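As structure tokens, the structure follows; a few thoughts come after it.
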Amino acid sequence: MSFYNTDGIFNPAYHDSETLEIHRSTSRRSHHYNPYDMDQEPWQRGVFHDALPSYNEQSRAPWDSRQGSWRTADSMAMGLIPTQQGSLRWEHNRTNGGYQTSSAVDYSTAHQEQSPGTPPIDRSMRQRGTRKMSLFPGGGVALGKLGMTEEDIREEIENEEQDLVKELAAMSSRDQIRAIRELPMSIEDKKHIRSQVLACKSSKRGLHLTCCTDCSEQVSLSFRRCGTTMVSAKQAMELWQGTMKEIGGKFGTGVLSYFLFLKWLLMFNIFSFLVNFGFITVPQLVQPPNKTANVGFRGLELLTGAGYFNETVMYYGGYSDGIIGTQPEYDMQLAYFFTIAAYLVLCGASLIYSMARSFQRNFVLSYPASGSAWRLLCSWDFKVTNDKAIRQRKNNLRIQLKESLSEKLQGIHMTTSEKLKQFGIHLGTWLISTGLAAGSCAAIYFLYQSNLEVVKDPQAPTSLLYEASTLLLPFVVSLFNLVIPLLYSLLNKAERYSNPRMQIYVIVLRNVLLKMSILGILCYYWMHDVASNISCWESFVGQDLYRLVIMDFFFIMFGSFFGEFLRNVIGTKCLPSLGVPEFDVARNVLDLIYAQTLAWIGIYFSPLLPVIQLIKLFITFYLKKVSLIQNCQPPRRSGRAAQMQTIFIALLFFPSFVGSLSMVAYTVWSLKPSDSCGPFQGLNTTFEAVALWMDREENIPGSMWAVWIYENVIKSELFFFLLTLIFLVLIYFFWQITQGRKLLIVLLREQIINEGKDKAFLLMKLQNLQKAKKTTASLQPTNAQQPKRFDVRQHIEPDYDQEFEGLPRPEEDIGPSVPSALIQAMLARRMAEEEEEDRY
Amino acid sequence: MGTTASQLPKDLLSEYQELTFLTKQEILLAHKRFTELLAKEDRSSTSQRVPMEKVLTMPELKSNPFRKRICHVFSTSEAKDGSLTFEDFLDLLSAFSDSATLEIKSHYAFRIFDFDDDGTLDCGDLEKLVNCLTGETDDTRLTPEEMRQLISNILEESDIDKDGTVNLSEFQHVISRSPDFVSSFKIVL
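Line order of the protein sequences matches chains A and B.
full-length UniProt numbering numbers the first residue of the first sequence as 1 and each following residue consecutively.
full-length UniProt numbering numbers the first residue of the second sequence as 1 and each following residue consecutively.
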């Protein structure tokens with residue numbers, strides 16, 4: 001017990017701290033160690049074991065001769081001291097008797113060897129941890145039943161731990177920290193493991209001496225520190241953290257996803273604002289053109305975006321053409337073109353990236369069929385803290401469970417007439433909804449036709465009345481966008497879908513169709529009619545978009561007021577049967593997507609439109625938050641928020657971003673820029689600016705490569721043809737790979753089922769043996785609890801060996817793929833062996 | 001924050017940062033919240049235990065149907081009374097934090113749902129789980145017939161090796177196919 005005194009000197013808190021890592025590395029400045037020399041070559045491992053006899057002895061020593069092994073430990077190198085300390089803790093635990101009960105499960109994380117070449121180390125480690133869980137359930141209580149003695153278990157656990165420590169010590173320090181962090185243990189146990197790993201490492205380092213690795217260690221340590229600081233800083237700067245927590249606490253993940261989406265869009269707009277402002281607006285503001293504004297500020301501009309704003313940098317028309325500035329020359333045409341192109345490309349890339357990730361996480365892995373298992377096992381939202389919300393959630397869950405049960409019991413029996421009726425209803429609702437969308441498109445078409453007549457009138461543009469009348473078109477568009485979705489949700493109530501998810505998808509699809517057809521008809525109007533009839537048409541389109549964005553904002557406010565506030569008042573005061581409204585995540589997200597589409601289309605015509613969008617999103621966030629908390633109740637059906645989010649990102653990409661991209665691309669490549677204003681005046685198409693630039697470059701020596709790329713890559717069809725071909729081939733390959741994986745999954749599933757059967761069979765055998773043992777034990781009460789070694793191997797039942805022939809013995813490698821059934825089998829075998837001995 | 005920072009030594013703080021998924025701010029906040037639970041005279045020592053009843057008064061845990069299980073799983077107390085030290089508390093927050101991996105989360109979720117601590121989710125565990133989720137009172141509970149049906153449904157879906165219980169790997173399999181789990185298995189201070 002005198003060892004406890006040394007424990008005081010080596011204060012674990014000091015020893016395990018990160019600062020100590022520096023002390024150690026500086027004190028052994030010339031040590032060398034190679035983190036990978038252990039997990040590759042088996043012979044090297046042998047070297048390691050030979051070089052550290054004392055270490056091995058310690059780890060292999062039986063528990064009871066622990067005291068003896070301290071002698072050798074005393075003569076060990078400095079670096080091994082934490083190991084002793086760890087062992088002391090073990091000793092301590094043993095004397096307390098608390099070890100066995102409290103942490104056996106945790107220590108069981110370790111497992112036998114890892115076969116070389118298995119992909120990520122920590123992954124397999126975790127898997128083995130899970131395997132052990134089933135071996136030592138309940139802290140060894142069950143093992144007692146299986147006849148393993150306490151000593152055996154302890155020895156086993158200790159071996160496991162040593163293996164884990166060795167494995168960890170073989171990793172690079174970065175991986176090691178991550179792996180230790182990911183062990184499912186308490187902090188105390190992690191500390192213990194870590195101190196052992198560090199000891200193991202430093203003792204190993206004592207063998208190879210270089211300075212270089214120490215330096216790299218230092219560098220990686222400082223990088224790590226830097227990384228953690230960055231993460232903390234990022235977290236400190238996180239926007240709306242408290243609000244998000246409040247919303248999540250009251251309404252759960254589904255509603256929270258709307259606000260996260262909004263925040264994500266806000267980031268997009270901040271980025272686009274910075275890019276546009278920095279590369280287009282600032283140079284323009286530095287060199288103002290010699291134009292004087294002939295219209296004063298009247299106030300109505302804030303709504304219409306016309307008048308005073310028309311001459312400012314808000315719109316395309318406010319930018320001058322050619323080269324501005326004398327000393328550092330700044331080519332406005334190229335800046336305008338490349339800024340917008342770069343922004344759109346970056347947007348597209350980040351959208352594709354987040355969409356692909358989201359798909360991978362939420363669709364590829366998720367169940368095709370919905371079941372009750374996930375609802376019970378993984379649907380509980382631990383974030384929800386509000387008492388009332390939790391009660392409501394429980395109620396909803398109960399109702400859903402009952403519904404699904406009764407549905408399952410009844411089955412779906414539908415007669416032909418019922419099916420026909422159902423089909424008729426679906427057909428009818430689809431006809432009505434497409435009819436509504438087509439009708440609103442036609443109305444917008446006629447409205448802008450008459451609008452165009454007014455615009456062409458030469459004296460009109462200055463009058464206030466004219467300016468106000470321009471608000472009519474955006475008003476009507478926003479009105480359609482508000483009212484028709486409400487009609488759609490009424491229609492949706494009339495039809496009955498068996499699957500609630502189907503219902504949501506249908507309503508989302510209809511809304512997207514409506515919004516995109518309205519935007520499509522507007523784009524046609526701008527490209528076809530406006531571009532050929534109006535002198536500075538880009539600015540005109542910019543103004544139209546500005547008005548649409550502003551109007552949409554007002555209608556979002558209206559929507560919150562009428563849709564949520566009034567509905568709440570009606571629901572609570574007048575018609576209690578209606579109840580408090582729910583927050584419709586799908587409709588609100590679609591509104592956001594629509595607004596973002598407007599902002600993307602407008603990026604070419606009005607480079608500062610992202611500012612308006614920014615302000616709008618910012619206010620919308622608070623508005624929606626207040627409206628949500630005051631008026632709404634949590635949604636009744638909680639389901640699959642992550643999948644909905646994926647769909648929303650996909651929608652943002654496909655019709656929204658791709659649509660606006662093609663609109664801008666069409667403008668740039670095919671339409672003639674206006675002659676009287678803007679950076680591209682006098683050119684046939686916007687893209688001609690690049691062609692002209694290349695012509696100029698041709699005369700400058702040293703820039704031939706740029707011209708070559710332009711001629712042979714950008715302008716050549718062959719290049720794009722080849723690119724497409726390569727992509728098609730790649731897609732085909734990946735498709736084939738996924739097919740192969742699917743087959744593999746089926747096979748693995750079958751294997752699991754077979755192994756389950758094996759397990760059941762073996763357990764049955766085990767039970768039979770146990771019964772038999774009880775009877776014999778009653779006959780021979782002595783000799784029953786003697787622990788036996790594994791290496792006494794006897795053939796009791798030939799079919800056992802038949803079944804597990806070729807599988808490794810317990811002392812040999814048990815790779816991560818060996819199932820727990822095998823372990824059960826080992827236990828069964830051992831039982832049988834004991835049985836055998838008892839008998840003879 | 002200044003006062004709390006001085007209470008937690010710098011090397012201990014960086015150690016916690018290394019061993020858990022929490023950032024510095026989160027650890028400091030956790031420390032602040034934890035010391036609020038302690039009585040005044042106990043605040044100086046770091047290994048002080050807070051009894052489970054005290055921990056469950058925190059608004060983040062107060063209404064959670066699994067609050068007692070959470071405390072029991074993360075407690076290292078030898079008396080098995082669910083009391084937490086500060087390190088246990090950090091463990092809890094780390095498992096429920098944003099950056100914890102799916103494996104860690106599912107491991108602890110499994111242990112929380114494993115009411116009798118025997119390493120598998122058997123019928124008894126599942127029944128308790130359903131009762132926790134739907135409410136414990138008599139009028140909210142499912143009828144025995146419904147319960148039987150429901151449990152057999154769950155086992156049919158998730159018990160791949162057909163041994164009548166859901167073990168950890170089967171549980172993780174279900175969870176890995178339910179992308180909402182990571183975002184909903186979260187407790188933020």
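Cβ atoms here follow ideal geometry from the backbone N, Cα and C, with glycine treated the same way.
Here the structure is a predicted model, which means the values were calculated and not measured.
With a cutoff of 8 Å on beta-carbon distance, Ala389 of chain A and Phe251 of chain A are scored as near each other. Where Leu92 of chain B is concerned, the enclosing alpha helix (DSSP H) starts and stops at 86-95. DSSP, read as helix, strand or coil, puts Asp331 of chain A in strand. Comparing alpha-carbon positions, the option among A:Leu420, A:Gly682, A:Thr470, A:Phe279 lying closest to Leu608 of chain A turns out to be A:Phe279. Taking 7 Å as the upper bound on Cβ-Cβ separation, chain B lies near residues Lys245, Thr253 of the stretch 243-266 of chain A. With a threshold of 8 Å between beta carbons, Ser184 of chain B makes contact with chain A. When the alpha-carbon of Pro581 of chain A is set against those of A:Leu344, A:Gly248, A:Asn631, A:Phe268, the nearest one is in A:Asn631. Here Val182 of chain B is buried: its Cβ has 16 or more other Cβ atoms, across all protein chains shown, within 10 Å. Shown here for Gly248 of chain A: same chain residues with a beta carbon closer than 6 Å to its own, the five before and five after excluded, namely Leu256, Lys383 in chain order. Not flagged as an interface residue toward chain A: Thr137 of chain B, since no C-beta distance is shorter than 8 Å. According to DSSP, residue pairing for Val166 of chain B in a beta bridge involves B:Leu121. Annotation: the continuous alpha helix (DSSP H) that includes Ile603 of chain A extends over 585-605.
Interface residue (Cβ-Cβ distance to chain B less than 8 Å): Trp240 of chain A is not classified as such. Nearest Cα to Phe475 of chain A within the set A:Pro485, A:His426, A:Leu490, A:Leu447: A:Leu447.
Residue-level contact check: Asp161 of chain B touches chain A, since one or more beta carbons of chain A fall below 8 Å from its beta carbon. In the structure shown, the three-state DSSP call for Gln287 of chain A is coil.
Contacts with chain A at 8 Å (Cβ-Cβ) include His107 of chain B. In this structure, Ser232 of chain A lies near Gln25 of chain B, with their beta-carbon atoms less than 8 Å apart.
Annotated as distal: Ser184 of chain B and Thr228 of chain A, with beta-carbon spacing of 8 Å or more. Within chain B, the residues whose beta carbon sits less than 9 Å from that of Ser379 of chain A are Leu133, Ser178, Asp180, Phe181, Ser184, listed in sequence order. Look at Phe21 of chain B: its C-beta is under 8 Å from a C-beta on chain A. It is roughly 12 Å from the alpha-carbon of Pro701 of chain A to the alpha-carbon of Met694 of chain A. Straight-line spacing of the CA atoms in Gly305 of chain A and Ser176 of chain B works out to 50 Å. Pro184 of chain A reaches chain B at Ala95, Glu103, Ile104, His107, Tyr108, Arg111, counting residues in chain order whose Cβ is nearer than 9 Å. Under DSSP, Gln633 of chain A takes part in a beta bridge, and its partners are A:Glu582.
Taking a Cβ-Cβ cut-off of 8 Å, the neighbours of Ile752 of chain A in chain B comprise Ile160, Asp161, given in sequence order. Of all alpha-carbon atoms in A:Glu182, A:Gly559, A:Ser195, A:Pro635, the one lying nearest the alpha-carbon of Gln162 of chain A is that of A:Ser195. Comparing alpha-carbon positions, the option among A:His528, A:Tyr546, A:Lys757, A:Met527 lying closest to Leu471 of chain A turns out to be A:Tyr546.
Put simply, of A:Gly740, A:Glu538, A:Phe480, A:Cys536 the residue whose alpha carbon is nearest the alpha carbon of Met551 of chain A is A:Phe480. Secondary structure at Val384 of chain A: coil, using DSSP grouped into helix, strand and coil. Of the other Cβ atoms in all chains shown, fewer than 16 fall within 10 Å of the Cβ of Tyr445 of chain A; this residue is therefore exposed.
The straight-line gap separating the alpha-carbon atoms of Phe648 of chain A and Leu514 of chain A is approximately 16 Å. Secondary structure of Val50 of chain B (DSSP, three-state): strand. Under the Cβ criterion of 8 Å, Asp125 of chain B is not counted among the residues facing chain A.
Neighbours of Asp81 of chain B in chain A, taken as residues whose beta carbon is under 8 Å from its own, are absent, since the nearest beta carbon is some 12 Å off. Assigned with DSSP and collapsed to three states, Ile323 of chain A falls in strand.
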